[in-house]
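Q: Structure incoming, see below.
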Amino acid sequence: MRAVGKYIIIEKCKKPEVAPSGLEFSEEETNKMRAHRATVVSLGSEVSGVNIGDEVYYDKARSFEQIIDGVEMTMTREIDLMVIIPHDEEA
Numbered sequence: 005m006r007a008v009g010k011y012i013i014i015e016k017c018k019k020p021e022v023a024p025s026g027l028e029f030s031e032e033e034t035n036k037m038r039a040h041r042a043t044v045v046s047l048g049s050e051v052s053g054v055n056i057g058d059e060v061y062y063d064k065a066r067s068f069e070q071i072i073d074g075v076e077m078t079m080t081r082e083i084d085l086m087v088i089i090p091h092d093e094e095a
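To convert, take the position in the sequence shown, counting from 1, and add 4; that gives this note's numbering.
Here you go:
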């Protein structure tokens, strides 16, 4: 599987979101947020500034989901990324 053009294939992060206070957000609360966290799986040939394995926050309202080889994947465009967390900078 390979993304094309400006598209990026991402896999939703399974880790719960945690507030600075240490409080863990429920799945319902997380789903209300417009930006969701995911890991980059594949990049189109026109995408720059992000690498496979990076974690990103993307605009869930401008993305779509598809089941590929039995795994639910999300497709979005480079322009719909809000935050990039390079995989070599994670804590």
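Quick reminder that beta carbons are idealized off the backbone N, C-alpha and C, glycines included.
Just list the beta strand (DSSP E) runs in the segment 37-70, keeping only unbroken ones of 3 residues or longer that don't cross its boundaries, in chain order.
A: DSSP runs (the beta strand (DSSP E)) wholly in the segment 37-70: 39-47, 59-63.
Q: Would you mind stating whether Ile13 and Val60 have Cβ atoms separated by less than 8 Å?
A: Locating residue 13 in the sequence shown gives position 9, where the first residue counts as 1. Locating residue 60 in the sequence shown gives position 56, where the first residue counts as 1. No, they are not a contact pair.
Q: I think Asp58 touches Pro24, with their Cβ atoms under 8 Å apart; what is that distance to the nearest whole Å?
A: As a working note, residue 58 is residue 54 in the sequence shown. As a working note, residue 24 is residue 20 in the sequence shown. About 22 Å separates the two Cβ atoms, so there is no contact after all.
Q: Counting only the same chain and skipping the five closest in sequence on each side, list residues whose C-beta sits under 6 Å from that of Thr80.
A: Here residue 80 is taken as the residue at index 76 of the sequence shown, counted from 1. Contacts found: Ile12, Tyr62, Ser67.
Q: What residue does the beta strand (DSSP E) around Ile14 start on, and which one ends it?
A: Residue 14 sits at position 10 when you count from the first residue of the sequence shown. Ile14 -> beta strand (DSSP E) spans 11-16.
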